[in-house]
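In this note's numbering, the protein residues as written are 7 to 231. First up is the structure itself, then whatever we jot down about it.
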Amino acid sequence: MREESRNVKGLSQEELSQLPDTPYNLWVRGELDDYVDAPEGSRIEIIGGEVVVSPPPEFSHNAIAGEINCAVIRARVLREGFTWKTDSGSGLSLVGVGEGFVPDLMVLDEEVFLAAWRSGIKRLVPDQVELVVEVTSYSNAKNDREPAGRRSARNKWNGYAAAEIPYYLLVDRSPKVARSILYSIPDQALGAYLHQESWAFGETIHLPDPFDIEIETREWKPWDE
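And the structure:
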């Protein structure tokens, strides 16, 4: 059964005008949730300058993100000198852009991870992150994908590129796509990634250096029509 989650703007213009600060500043401080009427566990983000609320993802969505996380953990356990760790749910603050995303998964170096932990920060920033992962859902896939025909449209794909995140792995669960796409070589000025490679569901993903890990996708399925 296709997931029935909806992707909606979180606040009306009247509600936005009554906020004590900008939505982005409130989001960075972890206070925006107090002003958004949303089900518990919802994901609240600032995308394209708008407050966007997405209900908690379904199990099949989280299972894919979990498989990617397990591949990183496996490499960390089995390979000496593998220094990458993962984070999910903390949020990524695009400083200077005024956007705030919550990727399904982020990969960062263990020293950076430890420094962020010790500093007590609420959100990570792009300089700390080497790879972001997004798994699409039926309701909000357009927020994650490369904009069709108009790269100037502001969404996560543009935002990650403008923030110069080196790698962006998009797992597109649409039955019309059913592929994982690894974007690289971000161009800050264009807000676009200049290179990509992809794998159909069922094929093995290979993340290049500095990760050099493989991710099996045998069980990955698109959402139901």
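Using N, Cα and C, we set each Cβ at its ideal position, and we do this for glycine too. Keep in mind it's a predicted model, so treat the numbers as computed, not measured.
In the three-state scheme derived from DSSP, where H, G and I count as helix and E and B as strand, Gly106 is classed as strand. Per DSSP, Ala198 is one residue of the beta strand (DSSP E) stretching across 198-206.
For the pair Val101 and Pro132, the Cα-to-Cα distance works out to about 8 Å.
Within the same chain, Cβ atoms closer than 6 Å to the Cβ of Met112 are found at Asp93, Val135, Val138, the five residues on either side in sequence being excluded. Contact between the stretch 178-194 and the stretch 76-85 is absent, with fewer than three C-beta pairs closer than 8 Å. Residue state for Ile127 is assigned as coil, using DSSP reduced to three classes. Here Glu209 carries a coil assignment [DSSP, helix/strand/coil]. For Trp226, no beta strand (DSSP E) run applies, since DSSP gives it neither H nor E.
In the three-state reduction of the DSSP assignment, Val118 falls in the helix class, which pools H, G and I. Annotated three-state conformation of Pro132 is helix, per DSSP. Under the three-state reduction of DSSP, Ile171 is assigned to coil, being neither helix nor strand.
Relative to Glu225, the option among Glu105, Gly72, Gln202, Gly106 whose CA is nearest is Gly72. By the Cβ rule, the stretch 141-157 counts as touching the stretch 56-75, because three or more pairs are nearer than 8 Å. Annotation: Pro63 is outside any alpha helix (DSSP H) and is labelled neither H nor E by DSSP.
Secondary structure of Pro214 (DSSP, three-state): coil. Counting of Cβ neighbours within 10 angstroms places Asp178 among the buried residues, the total reaching 16 or more. Of the other Cβ atoms in all chains shown, 16 or more fall within 10 Å of the Cβ of Leu114; this residue is therefore buried. For Glu21, the uninterrupted alpha helix (DSSP H) run begins and ends at 19-23, by DSSP. Contact check for Leu188 against Gln202 passes: the beta carbons are separated by less than 8 Å.
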